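First comes the structure, then the notes that go with it.
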């Protein structure tokens, strides 16, 4: 005899199984319609294969498995599909889901089907596919696709067939074993083959089913299947509990039986697999117990999937007056149905219609006195009373530390609770809450990561911008310094640069000159304001709203300029003094410093002489020493000053400045070069660039960089350019009869053509000019500049928008947004400017 | 016709808190009988007074808290508290002692903490300790066992007992005959060997194991406790741990019966409030540790504390103090004594953060 391990905890609810085993498994007349939920298993819903109006035969697939964890659905009888839409399904929540409605034609005509003669001649993979196609999901209660469970990746040493049926009232498996032992044993052999013939094959059965035990026993002769009987105690039929009872092993928390080399299958599922493999019959019906005192007949039926519960009850003398609740499943783990209009599904093992006396409504819960009866009953060795305590206070951390998620919700704790506390309900709610929070946490973590990344990116961009700004600023300063040094020889054909340099030079202009300039500026601004006001008045007479606005803005602008000019003029007095001091020679400053130091030293010496306190004297002396050192330093500097002072400040070897100088030199050279020379130069440079680009591209390709495409495009463009340049050169050569000979073209060159300006040098010059300008501007000036530039940009944008509108271009929206943005920007800038003035 | 929507389980064992409490009350009967047989009507009168006060106050509190009165009175918890307090108090204690004790137990120790299930301390023991500290004279005046009454003095009948408890009922002062308890005797033993003490004191010389009357009272409570154990009202862990540790301590310090001995294990187990404590107080589920492992620790520590206070403390008996001290410790014990859950390698701690 095999060693049996003891079930931890457990309870002995009244079994109430005898009522429904008096009659054999019955067959009901075909119902008027069958409502077949699409998804009756755990996992992905299957894919529909039929449409409303289709004629189907019995066993014809209505939906095929879709995804890894999925099974199909089949027509339980022949008939017409009338409808595919949402109907209430048997679910604790009473929810609706997609169902196929089938109107039987009462012919019950099978589709062509055939079983496998010798399953061993098929590969396990083929058989698993067959089981999957046959729509077989665990019939014990959870409805997990059997094919998935049977395709364990780990070596399986033990196959357990669960014939425990520990829930009170339910006898579906019991009756199945009594009536179909041979098929069940054949099914077990198929399972064993699929799992690679495990060493141990056990059928676990409670000792309250002696008839089933007797029925199975003869068929096990000559097999390695062992029928193991153990004492009846709820919930020994739980997968984890059964494994513990039969093997003494425990399924690791959060793991699967396969992790310890065990696969557990329900006996009903085993039967269904045998029907599918040996007879080619998909899962279209199951044994369902209809019991409870609200029914006059208690028995089992081979019920078609999709049969409505009301149809089942109708044939059992169901009296709704006596029935308080209708339960699908057993009294321990079943759920209540709020309507009899839901169908039998693959996991419907029992319909329990108890009378009020049989399962009375629960009395109100009393306070928990922590008696610990629940802990004694718990098959998972949890502390239900503590879980209850923490569930009430929503202390999720404690709940998890107390292993809430190892609770199998068997209901043993609630069953024994003397205070009638619905403990399991608390645990379900707490689990739901914890799961929800975990999901929300994942979501918020993701959001945080996104935000942080965005911040980092922005900071990086900002830093890059700042670096560029710094480089530009330095370049501008360099240019200014150069201009100041050699005003006469300043290169560059660009007038803007000259203007910028002139402005830079202005700073060095004498106060008298500046005053005169500023006075001129004020006068100009005044006259400008007058003209603008006149214009405004004339426009106001005409009354064009938009123009008035513009004119007003212009007036405001003019007024501001005037104010600014006046302000500058008044300021000049103070600045000229400052300028004087700043412009004083360093030598004078040093001389001053030396003099002041000498003076301080004499004062200190005097103080030392007067001081009578030793400490004070010491402090003063140390101070004197410092002053003397300083004096020495200053004198040293002074002696050096005459040599260094006249020298112009050496140009710092700044990269930007160098680049500018190069560009300038290039521009100058270009200006003096002939067209043909330029072309030649250009060709040579292009060739060089192409060389470089090719090298880079190769490198990128070698390192599989993501920039390969971009580089390729760049290279193509360069080559294209080279081609055109060469053509030009050739054309030029044809014209001049001298192929690209240097320094021979100027004669042939049409004089009318203005000296071409190299775009690059022009851009550099512009940038320099702007930078210089900006550097020279006051904050107010800058703002004003911004405002006026925005004005012009807005104007341009409006013109473009109007054009686009006229053309009906697709860019209208984008343009409009751009114009609006400009307007907002302008308003902001004006606002700022106004604030500046106030 | 609407069908009920309920979550599983739908079946429920025919068991309720009231039935559990009734069983506990029933199990105190042997002890009460023994007390009455050896110490007169005092305990019964205690219980009657305590029960009246406790149930009335419970009703009052329920009214104040606006709870359904009969639903909460129906759990018998107040009655159990009253009975346990009545059994623990010295028989023939003045009525006001009992009233103060039971009032304190119900009002302060039970309802101020939130009522049944929420009280961290055993209400009966809180009431008892409050009285012991406040009225040491009344609380240490145990009547002599009836067989040891002096010649010519008859034991007080029920009416006389009532007169002792309610002095206002009698025109003249009626006094009870008091005597030292076995634990008192040992506490005040100076210089006598245990054997000599047993010989010289009629309380021991006329008893079988541990003091006349006391041994039977304790055995009666033990019997009641066994009934509760058999009916699975509580598990064996806490009481067995307490009795074992108390017995072991007593054996360890028995000192071969010298004059410095603190008494034999049998004397400790069968005298004072040992059995009442072990089976009716220590097993109070609300205030004890939760897991079986926790209850073993909880019970064992109560046994040790009881022996320590009895032997070296200033009070002769110590079950109440030990229980209250361990009530403090119970939540801490709970944190470290979770059982090993199915599928886990080892037990976890309640204070553990995420796995």
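Protein chains in written order, with this note's numbering: chain A, 1 to 838; chain B, 1 to 355.
Glycine included, each C-beta is placed from N, C-alpha and C at the ideal position.
Remember, it's a predicted structure, so these values are computed and weren't measured experimentally.
Leaving out five residues before and five after residue 653(A) in sequence, what residues of the same chain have Cβ atoms less than 8 Å from its Cβ? A caution first: residue 653(A) carries a pLDDT of 44, below 50, which makes its placement in the model unreliable, though a value can still be read off. The answer is none, since no qualifying residue turns up.
How about residue 84(B) and residue 28(B): are their beta carbons less than 9 Å apart? yes
Proximity test, Cβ basis, 9 Å: residue 355(B) and chain A: Residue placement at residue 355(B) is poorly supported in this model, since its pLDDT is 49, which falls under 50; the coordinates still yield a value, given next. Closer than 9 Å to some Cβ of chain A, the Cβ of residue 355(B) qualifies, so yes.
Is any beta-carbon of chain A found at less than 9 Å from that of residue 327(B)? no
Given 8 Å as the limit, is there contact between the stretch 66-80 of chain A and the stretch 104-116 of chain A, that is, 3 or more CB pairs closer than that? yes
Taking residue 634(A) and residue 597(A) to be in contact with their CB atoms under 8 Å, please state how far apart those CB atoms are, rounded to whole angstroms. 6 Å
Contacts that residue 75(B) makes with chain A (C-beta to C-beta distance below 7 Å): 366
Nearest to residue 318(A) (by Cα), restricted to the options 302(A), 304(A) and 291(A): 291(A)
Quick one: is residue 269(B) buried, meaning 16 or more other Cβ sit within 10 Å of its Cβ, or exposed? buried
Is the beta carbon of residue 403(A) closer than 9 Å to that of residue 310(A)? no
Taking 9 Å as the CB-CB cut-off, is residue 5(B) touching chain A? yes
With H, G and I counted as helix, E and B as strand and the rest as coil, what does DSSP make of residue 781(A)? helix
Can you give the Cα-Cα distance for residue 145(B) and residue 217(B), rounded to whole angstroms? 11 Å
Along chain A, in chain order, which residues have C-beta atoms closer than 8 Å to that of residue 336(B)? Going along chain A, no residue has its Cβ under 8 Å from residue 336(B), so there is no contact; the nearest lies around 11 Å.
Counting only Cβ pairs nearer than 8 Å, list the residues of chain B close to residue 328(A). In chain order: nothing, as chain B lies at least about 11 Å away.
Would you mind sorting residue 724(A) into buried or exposed? The rule is 16 or more other CB atoms within 10 Å of its CB. exposed
Under 8 Å by Cβ, that's how I've got residue 418(A) and residue 373(A) pegged, so tell me the actual separation to the nearest angstrom. 6 Å
Checking contacts by CB at 9 Å: is residue 339(B) closer than that to chain A? yes
Out of curiosity, what's the CA-to-CA distance linking residue 306(B) and residue 379(A)? 36 Å
Under the DSSP definition of a beta bridge, which residues are partnered with residue 290(A)? 299(A) and 351(A)
Below 8 Å CB to CB, which residues in the same chain sit around residue 365(A) once its five sequence neighbours on both sides are set aside? 419, 420, 421 and 422
Within 9 Å (strictly less), CB to CB, does residue 350(B) reach chain A? yes
Among the residues of its own chain, which have a CB less than 7 Å from the CB of residue 23(B), if the five just before and after it don't count? 228, 231 and 233
Round the Cβ separation of residue 98(A) and residue 84(A) to the nearest angstrom and send it over; I've been treating them as touching at under 8 Å. 7 Å
Collapsed DSSP secondary structure at residue 649(A) in the structure displayed: For residue 649(A), the predicted structure reports a pLDDT of 41, less than 50, and the residue's modelled location is therefore unreliable. The matter cannot be settled from this model.
Any idea if residue 156(A) is buried or exposed, counting beta-carbon neighbours within 10 angstroms, 16 or more meaning buried? buried
Per the DSSP calculation, residue 200(A) is bridged to which residue(s)? 158(A)
So, under 8 Å CB-CB, residue 196(B) and residue 205(B) are touching, yes? Tell me the CB distance rounded to an integer number of Å. At roughly 11 Å, the Cβ-Cβ gap does not stay under 8 Å, so residue 196(B) and residue 205(B) are not in contact.
Contact criterion: CB-CB distance below 9 Å. Does residue 437(A) meet it with respect to chain B? no
If we ignore side chains and look at the alpha-carbon of each, how far apart do residue 407(A) and residue 142(A) end up? 16 Å
Please check the pair residue 125(A) and residue 71(A), which I expect to be a contact at CB under 8 Å, by giving their CB distance rounded to whole angstroms. With a Cβ gap of about 16 Å, residue 125(A) and residue 71(A) do not count as contacting.
Which residues of the stretch 334-345 of chain A have a Cβ closer than 9 Å to any Cβ of chain B? Give them in chain order. 334, 335, 336, 337, 338, 339 and 340
Residue 268(A) in three-state terms, based on DSSP: helix
Given that residue 15(B) touches chain A, what residues does it touch there, using C-beta distances under 7 Å? 416 and 418
Which residues in chain A sit within 7 Å of residue 11(B), going by Cβ to Cβ distance? 13, 168, 331, 332, 359 and 415
Would residue 155(B) count as contacting chain A if we go by Cβ distances under 9 Å? no
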